[in-house]
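*Asks:* Residue numbers (the working numbering): 32 to 270.
1. Under the three-state reduction of DSSP, which class applies to residue 163: helix, strand or coil?
2. How would you label residue 32, buried or exposed, when you count the other beta carbons within 10 angstroms and need 16 or more for buried?
3. Hey, quick one: how far does the alpha helix (DSSP H) through residue 135 stretch, first residue to last?
4. Is residue 213 near residue 221, with beta carbons less than 8 Å apart?
5. Give the DSSP-derived three-state secondary structure of residue 249 in the structure shown.
6. Which same chain residues, not among the five before or five after residue 92, have their C-beta less than 8 Å away from its C-beta?
7. At the level of alpha carbons, what is the spacing between residue 56 and residue 43?
8. Could you round the C-beta distance between residue 125 and residue 64 to whole angstroms and report it? I think they count as a contact, below 8 Å.
9. Need the endpoints of the alpha helix (DSSP H) that residue 220 sits in, please.
10. Under DSSP, the beta strand (DSSP E) around residue 110 begins and ends at which residues?
11. Could you spell out the range, first to last residue, of the beta strand (DSSP E) harbouring residue 201?
12. I need the straight-line Cα distance from residue 46 to residue 52, nearest angstrom please.
13. How many whole angstroms separate the CB atoms of residue 216 and residue 202, which I take to be in contact at a CB cut-off of 8 Å?
14. Between the region 138-145 and the region 223-232, do at least 3 Cβ pairs fall closer than 8 Å?
15. Ignore the nearest five residues each way along the sequence and tell me which others in residue 191's own chain have a CB closer than 8 Å to its CB.
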């Protein structure tokens, strides 16, 4: 797939959670990408080019824009993003990345932490929109309820696709009495319970670097999953 670079503008900004925003940019009609890929974003900070890599959070089936989703932190780049408004200039170069899924496997499992969900959201939406027959289990970990990005999106996809199972797990539920999901970190026991046929699946893991390393060890050493069946990516765009 050809790498293309183009200038664009912000066309929409969506508040996903208390500290997570999605930014949408207009794109030329000939731009294409695979679910799970990323792009290079350039914006201006104090008159100078500032560059970061971001995973694409929309699916190729969602036409007319490119979206990335970011937790707003205290970094200079993050603060600049927080000040973006519709019509602001940016430059994109894309697509990049081999952490993709377009229906190659019959059964897969996603193990995801926090804002690492962006690339996985792109993949899940693609599978659902294309009505692929892939059987998917997603275990999605966050700190609290208020930190879950795309919560409603995943509930809707699960309702529309009988082959998609979504499991939310929280480190610290704000209201344990009303929380209906799982509690605690993703463990071998949780994987066995929620994915009984885990030995038959290809795993995709994405999140903070330490979490990805932990989950790779959990799968390869704890559950004896062949390394060839583990796809992973340290999430891009934390700072």
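Think of the CB as a built atom: it goes at the ideal place given N, C-alpha and C, for glycine as much as any other residue.
*Replies:* Reading from the atomic positions:
1. Position 132 of the chain shown holds residue 163. It is coil, neither helix nor strand.
2. Residue numbering aside, residue 32 sits at position 1 when the chain shown is read from its first letter. Burial call: exposed.
3. Within the chain shown, numbered from 1, the residue matching residue 135 stands at position 104. No residue range can be given for residue 135, since it is assigned to no alpha helix (DSSP H) and is classified by DSSP as neither H nor E.
4. Sequence index remark: in the chain shown, residue 213 carries index 182 (1-based). Sequence index remark: in the chain shown, residue 221 carries index 190 (1-based). Annotated as proximal: residue 213 and residue 221, with beta-carbon spacing under 8 Å.
5. Taking the first residue of the chain shown as position 1, residue 249 is located at position 218. Of the three classes helix, strand and coil, the one that applies to residue 249 here is helix, per DSSP.
6. Taking the first residue of the chain shown as position 1, residue 92 is located at position 61. Excluding residues within five positions, the ones whose Cβ falls inside 8 Å are 156, 157, 160 and 161.
7. As a position in the chain shown, residue 56 is number 25, starting the count at 1. As a position in the chain shown, residue 43 is number 12, starting the count at 1. A direct Cα-to-Cα measurement between residue 56 and residue 43 gives close to 7 Å.
8. Counting from 1 along the chain shown, the entry for residue 125 is found at position 94. Counting from 1 along the chain shown, the entry for residue 64 is found at position 33. Right, their Cβ atoms sit about 6 Å apart.
9. The residue given as residue 220 occupies position 189 in the chain shown. Run containing residue 220: 219-225, per the alpha helix (DSSP H) assignment.
10. The residue labelled residue 110 in the question sits at position 79 within the chain shown. Where residue 110 is concerned, there is no enclosing beta strand (DSSP E), although the alpha helix (DSSP H) it sits in stretches over 107-113.
11. Taking the first residue of the chain shown as 1, we reach residue 201 at position 170. Secondary structure note for residue 201: its beta strand (DSSP E) is the uninterrupted segment 195-201.
12. Against the chain shown, residue 46 aligns to sequence position 15. Against the chain shown, residue 52 aligns to sequence position 21. Distance between the alpha carbons of residue 46 and residue 52 is about 5 Å.
13. The residue you call residue 216 lines up with position 185 of the chain shown. The residue you call residue 202 lines up with position 171 of the chain shown. About 7 Å; that satisfies the 8 Å criterion.
14. Counting Cβ pairs under 8 Å, three or more are found: they touch.
15. Position 160 of the chain shown holds residue 191. 159.
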